[in-house]
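Position 104, counted from 1, in the sequence shown is what my numbering calls 165; the numbers after and before it change by one each time, with no gaps. Every residue gets a Cβ at the ideal spot worked out from N, C-alpha and C, and that includes glycine.
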Amino acid sequence: MYEIFVAAGFEAAHSLPEGFGPASRTHGHTYRLEVILRGESLREDGTLYDLGELKPAVEELAASLHYRNLNEVEGLSAGPTTAEAIADYCWERLASSLRDRGLDSLTVRVWENPSAYAAREDAL
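Now the structure itself:
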């Protein structure tokens with residue numbers, strides 16, 4: 062299995078529903094978005110996927126969330142903006158352009174701080 066990885070960061074605010082303690086108040090995080098693509102075989106050019114395509118896509122996604130209140134982002138505002146929900150949101154935004162490209166899986170990790178992340182990994 063081959064794997065490639067890119068990361069980007071963004072600053073954003075959010076609040077969680079009652080029952081999440083102090084996180085129910087509006088607060089912010091310095092998020093780290095990590096994206097991992099995996100596949101069994103390489104393309105003719107010796108790569109799993111072009112990093113020159115993946116990196117800008119991940120950076121653009123992070124930029125679209127930068128300095129935003131995540132509770133106001135369409136696609137996130139319908140439910141609690143947990144790290145899991147943000148990982149799912151990011152996975153869905155990236156997956157559509159990666160399907161049918163010879164890749165097996167996409168993993169998206171969203172770090173809320175240096176010691177805590179949530180992730181979504183699924184087949185493409």
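So, are the CB atoms of residue i and residue j less than 8 Å apart?
| i | j | result |
| --- | --- | --- |
| Gly96 | Val171 | Here residue 96 is Val; the residue named in the question, Gly, does not match the sequence. It is not a contact, given that the beta carbons lie outside the stated cut-off. |
| Leu112 | Cys151 | no |
Excluding sequence positions up to five away, which residues of its chain have a Cβ less than 6 Å from the Cβ of residue i?
| i | result |
| --- | --- |
| Glu173 | His90, Ala144 |
So, with DSSP's three-state summary, where would you put residue i?
| i | result |
| --- | --- |
| Glu145 | helix |
| Gly163 | coil |
| Gly80 | coil |
Excluding the five sequence neighbours on either side, which residues of its own chain have a C-beta within less than 7 Å of the C-beta of residue i, listed in chain order?
| i | result |
| --- | --- |
| Leu185 | Ala156, Leu159, Arg160, Leu164, Asp165, Ser166, Leu167 |
| Ala140 | Sequence check: residue 140 is Gly here, not Ala. Hits under 7 Å: Ala146. |
| Tyr178 | Ala144, Arg170, Val171, Trp172 |
Check the DSSP bridge columns for residue i and list the partner residues they point to.
| i | result |
| --- | --- |
| Tyr63 | Gly100 |
Checklist entry - What runs of the beta strand (DSSP E), each 3 residues or longer, lie entirely inside the segment 86-142? => result Fully enclosed beta strand (DSSP E) runs of no fewer than 3 residues occupy 88-100 of the segment 86-142, in order along the chain.
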